[in-house]
Each structure stands twice: as structure tokens, then as C-alpha cells.
Amino acid sequence: MECGTGQCLRRYPNHTWCLSPSMAIRATIMKYALGPLLYFWPKQDVESFYTQAAASMADVIYLGETVCSKRREMKPQHWFEIAKSLSAAGKQVVLSTMALLEAPSEINVMKKYIDNGDFAIEANDVSAIQMAHEKGLPFIVGPAVNTYNAHTLKLFLKQGMIRWCMPVELSRDWLINTLQQCDELNIRGQFEVEVFSHGYLPLAYSARCFTARAENRAKDECETCCIRYPTGIQVASQEGQSVFNLNGIQTQSGYCYNLVNDLPSMAGLVDVVRLSPLGVETFQHLEQFKANEQGLKPQPITSHQCNGYWHQLAGLAVKNS
């Protein structure tokens, strides 16, 4: 496959990626991504969702199981087949790795992703970064990796990083300061910046499964009950406020993060805007984001949505732009 198509992927001694001309320098056109599916859906629902994603406005699509290896409806080969189909539809495809590795079998699956030969990976654990580096494979640093300063980014860049999705709890001000540090280190134009902009925020991972616990099941006998909760289990405070969303071993924000009205404040800072799949309504959200990129079509923020982290406020807070 020739360079310039935006689809080629080759290994070079310096671990650079053969990018299309528009990506060789820092992008001036904002791109939109569908993050990896964080929930456990039946295989048929997953395939149906990505069939629609192929015709959607998404530029980048992340694929793979990132939360729990016991979710086996989709095997690696199934993800690879979907990846090839989406790539043929003109999408930039990235394979996402697990955020919390607990068994050798999970490392073996990660190796399959890294050895795929066709697609870049999203590393959600430092071990994936090291493995990709050893293979000379370009990678995206996912939001689960604690990356808080330019010196860490410089290290990852040397190892093959092509994009950084910043941790979800960081603010616009933090991003500005970090990118100023990158300017001082002369690395600013060498990678893309991505921001998690819609969906329930992944806040923490645990060896325990909270979804199983909610059904009074042991983790080893969970019967993958999370498949019954396609967008997680809401947890409310005694006052009735949604404080968390339980998704297996992953604890998410109780409110849905929504930066649709904050897109103008991303100009000059953010290259890729990420939406986390919640169902087919995600495609409508994607259209709303693209329509409001210049702030011309603002959307109402509901009582169960938030944008606090972006504004350096409490996560549950809402600041009207």
C-alpha cells in the first residue's frame, strides 16, 4: 500500500509512521474518533454497531476489549475482521489493548494485537508501549496511561508514539502548559493530541469486579453478567445523585462527559476528538459535535452530563461555554 493514502503502516528503524501528508505535520482539521467499546455487548450488536460506524462521520475508530478478558463474545480474529472492513471503508483503525493486565493469557492477546501487521495500536498499559517499541510498531498512548508532562511524552515519542490521548481528569489549562513544555523540548509537532470528549469517563480500574459484586457474585463466577448492562450500572449517593457508573472492573463517572460546546476552546490544541460508544445514539452525538465545531450550533447540556474536568473544576460540574 502506498504512502499518502492514510492507510499504510510500515516499520522503520526510527519507529516513525508513514503518514498521509495531512498528518505529517500537525493537523489543522479536527478529526473525530470512536473510542474502544468499553461495555460488554453481544457479538451481533457489536458487529451491527461497526457496520453503521463504517458509514458514519468518524475518521478514526478504535477496536478491541480494554476492560475485561473474560468478555469473549469477540475474539481477536473477529476484531481483525472488523478492522479490515472499516479500513476498506476509509477509516483509520487502531487496535486498543487492555488497561489492566492480570494473567499471561492477557499478555498473549496483547501480543496478537501488536503482531497484527496492519494497524497501529492504542497502548493502555506501559507494557504495551514497551512491546510495541520492541517491534517498531507505532502506537497511540491511551488515557489509561498516566502521562502528565512533556518529558514523559518525549520518552514515549522516542519509543514510537504518534498520538497522545490525555488522561480524562486533566484540564484545558493543563494541556496548554504541557504543550508549552513540548514546544520548549522541540517535540510539539511530532505527535497528535486527542481528548476524550463524550461518554462516561473511565476513572479507575480494580482487580475486583463491581458488576459481579452488585449481583452478589464472586468475580471467578461472574457469568459475565455485565452483558446485561450495555452502558453500565448507575450508582447513586444517599441524596440520589449519580456519582459512579460501574462497568466490570472499571469505575466510571456517574455523569456523561460532554464537551460538545467546548470544541472552539480546543482549536489549536486538539487534533482528535474522542467519543466513547454508548449505542447507536453515538452517531447522532458525532453529528452534533461536527456541526458545532465552530460553536455555531451549541447543544443543551442535560442534568446528567458534565464538563468540569476540562475547565479545571470538580468532575461533576458543568460550565456553560
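Heads up, the final residue of the sequence shown is numbered 321 in full-length UniProt numbering, and it's a clean run with no missing numbers. Glycine is no exception: its CB is placed at the ideal position from the N, C-alpha and C atoms.
{"Item": "Can you find at least 3 beta carbon pairs, one from the segment 64 to 74 and one from the segment 88 to 98, that sit closer than 8 Å?", "Value": "yes"}
{"Item": "In chain order, which continuous runs of the alpha helix (DSSP H) of length 4 or greater are located wholly inside the segment 230 to 290?", "Value": "none"}
{"Item": "For the alpha helix (DSSP H) containing residue 104, list its first residue and its last residue.", "Value": "104 to 114"}
{"Item": "Got a sec? Which residues, its chain only, sit under 6 Å from residue 291 by beta carbon, not counting five neighbours each side?", "Value": "297"}
{"Item": "So, with DSSP's three-state summary, where would you put residue 304?", "Value": "coil"}
{"Item": "Considering only C-alpha positions, which residue in the set 174, 228, 221 is nearest to residue 310?", "Value": "174"}
{"Item": "Give the secondary structure of residue 184 by DSSP, where H, G and I count as helix, E and B as strand, and everything else as coil.", "Value": "helix"}
{"Item": "Please state whether DSSP places residue 62 in a helix, a strand or coil.", "Value": "strand"}
{"Item": "By DSSP, does residue 96 sit in helix, in strand, or in coil?", "Value": "strand"}
{"Item": "Checking 8 Å against the spacing of the C-beta atoms, do residue 193 and residue 270 come in under that value?", "Value": "yes"}
{"Item": "In whole angstroms, what is the alpha-carbon distance linking residue 77 and residue 84?", "Value": "11 Å"}
{"Item": "Which residues share a DSSP beta bridge with residue 32?", "Value": "273"}
{"Item": "Can residue 62 and residue 231 be called in contact, C-beta distance under 8 Å?", "Value": "no"}
{"Item": "In this structure, how does DSSP classify residue 117 when only helix, strand and coil are distinguished?", "Value": "coil"}
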